[in-house]
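A short write-up of the structure that comes next.
What follows is the structure, encoded as structure tokens:
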């Protein structure tokens, strides 16, 4: 049995690292255990194309991004919000800026310098990092079990923060294996589902072979929300070999996923020509095309070519291509049937996890006093745009404070 420590953090992502920093600032001894050979792997990958750290959207709009968990996450954000996250980054020597979309990035757009500086500071301040320690659960005496290269190890702690991630990108460590361990302890865990994900449609082989990877921009998506209301959003997406993905689809993926779960499929309509009226498109298409092919006529009269033209061919029967009114209507509301979300392992993030009802306000498990949970393993979700990372940091801050208070109470 290893020596008892005040606080054990299990998981080296942003939530775990922030929990460690919060507790450490109050003078608590902290040991952090990570299954992989280094911490923050998903954080680094997320920042590969430019680290979107948070978003400049003001409250209460910011909190509404967390859907059904708006009220709960808003409480975390009162202690550590987007501005606090930017100030924290500045404390590490990383200045940030607000992009044209309202998203907040480091000036150099990179995740690696920020993570290196953060881990260096935590190590210098006394956090003990233990990599290649895969959490297995608990022993009968309540100590933590870890699989290590040198065999199984047991660790006792006054308080524990579990920050084990969701189920997306399992090769980076977030494989959701903790679900079984917690359910065996009668912890209420909602099944993990893909979030910020793409969807399968089932293109013809001809379309998939020629247009997989082609961007669709700009387009306007039309869909029904869970309450049955019609919603619209303009953005960009990408045709894939099996269906569709990209930032626009990620932003509405929760609604689409839930509709598929409820009805077996989801209807999505795309406006391929935003800002252009159906009547003008119809009149343009009604002009004589002579010996020109339909695709060439479409390009000349509407400017649609490439993947957008291919989508017209994919959804309109040959016998209807000569109907200018029908084609114009299709351009403005191209119908797509989404059959299933892409697998969880491919998703940017996951929904589901430890239900917040199983936790108290400090994020401590009600049936396992002294054990706290944080980050993506909790049952909340948010769109991309910095909202995911902000809530991970904020929940880590709250769990770290709760664990600190618990450990202090035990030692007094």
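Numbering (my numbering), first residue to last: -3 to 408.
Heads up, the beta-carbon is just placed ideally off N, CA and C, and yes, glycines get one too.
Being a predicted model, the structure only gives us computed values, none of them experimental.
Taking only the alpha-carbon atoms, compute the straight-line gap between residue i and residue j and give it to the nearest angstrom.
i, j, result
"residue 148", "residue 141", "7 Å"
"residue 343", "residue 162", "10 Å"
"residue 415", "residue 225", "Here the chain comprises residues numbered -3 to 408, so residue 415 is not present and cannot be evaluated."
"residue 94", "residue 197", "35 Å"
"residue -3", "residue 151", "Since pLDDT at residue -3 reaches only 37, below the 50 mark, its modelled position is unreliable, and the value read off the structure follows with that caveat. If I take the Cα positions, the gap works out to 6 Å."
"residue 311", "residue 323", "10 Å"
"residue 70", "residue 348", "18 Å"
"residue 399", "residue 19", "8 Å"
"residue 202", "residue 208", "10 Å"
"residue 6", "residue 107", "22 Å"
"residue 355", "residue 368", "8 Å"
"residue 89", "residue 79", "15 Å"
"residue 352", "residue 210", "40 Å"
"residue 264", "residue 294", "23 Å"
"residue 29", "residue 105", "28 Å"
"residue 313", "residue 200", "13 Å"
"residue 125", "residue 31", "11 Å"
"residue 172", "residue 178", "11 Å"
"residue 174", "residue 387", "20 Å"
"residue 14", "residue 114", "10 Å"
"residue 4", "residue 12", "10 Å"
"residue 22", "residue 8", "20 Å"
"residue 111", "residue 236", "32 Å"
Keeping to the same chain, check which residues put their C-beta closer than 7 Å to that of residue i; ignore five residues upstream and five downstream.
i, result
"residue 385", "10, 49 and 50"
"residue 192", "246, 249, 343, 344, 345, 379 and 380"
"residue 53", "98"
"residue 274", "324, 325 and 328"
"residue 123", "16, 20, 26 and 28"
On the premise that residue j lies in contact with residue i, defined as a C-beta separation below 8 Å, what is that separation, rounded to the nearest angstrom?
i, j, result
"residue 359", "residue 370", "6 Å"
"residue 391", "residue 374", "6 Å"
"residue 40", "residue 101", "Rounded, the Cβ-Cβ distance is 15 Å, inconsistent with contact."
"residue 337", "residue 220", "No, residue 337 and residue 220 are not in contact; Cβ-Cβ is about 17 Å, not under 8 Å."
"residue 228", "residue 127", "About 47 Å; that fails the 8 Å criterion."
"residue 239", "residue 334", "7 Å"
"residue 164", "residue 341", "7 Å"
Taking DSSP as the reference, what is the three-state secondary structure of residue i?
i, result
"residue 302", "helix"
"residue 6", "strand"
"residue 279", "helix"
"residue 316", "helix"
"residue 55", "coil"
"residue 129", "coil"
"residue 330", "strand"
"residue 254", "helix"
"residue 12", "helix"
"residue 361", "strand"
Can you name, in chain order, every residue of its own chain whose Cβ lies under 8 Å from the Cβ of residue i, other than the five neighbours on each side?
i, result
"residue 291", "301, 305 and 309"
"residue 339", "190"
"residue 270", "214, 215, 216 and 230"
"residue 206", "306"
Among the residues of its own chain, which have a CB less than 6 Å from the CB of residue i, if the five just before and after it don't count?
i, result
"residue 65", "376"
"residue 402", "155 and 366"
"residue 320", "278, 281 and 282"
"residue 255", "262"
>> Below 8 Å, how does it come out for the stretch 117 to 135 and the stretch 158 to 177: are there three or more Cβ pairs, yes or no?
In response: yes
> Between the stretch 207 to 226 and the stretch 389 to 396, are three or more C-beta pairs nearer than 8 Å?
Replying inline: They do not touch, by the three-pair rule.
>> Taking contact to mean 3 or more Cβ pairs, one atom from each stretch, closer than 8 Å, check whether the stretch 303 to 315 and the stretch 324 to 343 are in contact.
In response: yes
> Do the stretch 167 to 174 and the stretch 271 to 283 meet, that is, are 3 or more Cβ pairs less than 8 Å apart?
Replying inline: no
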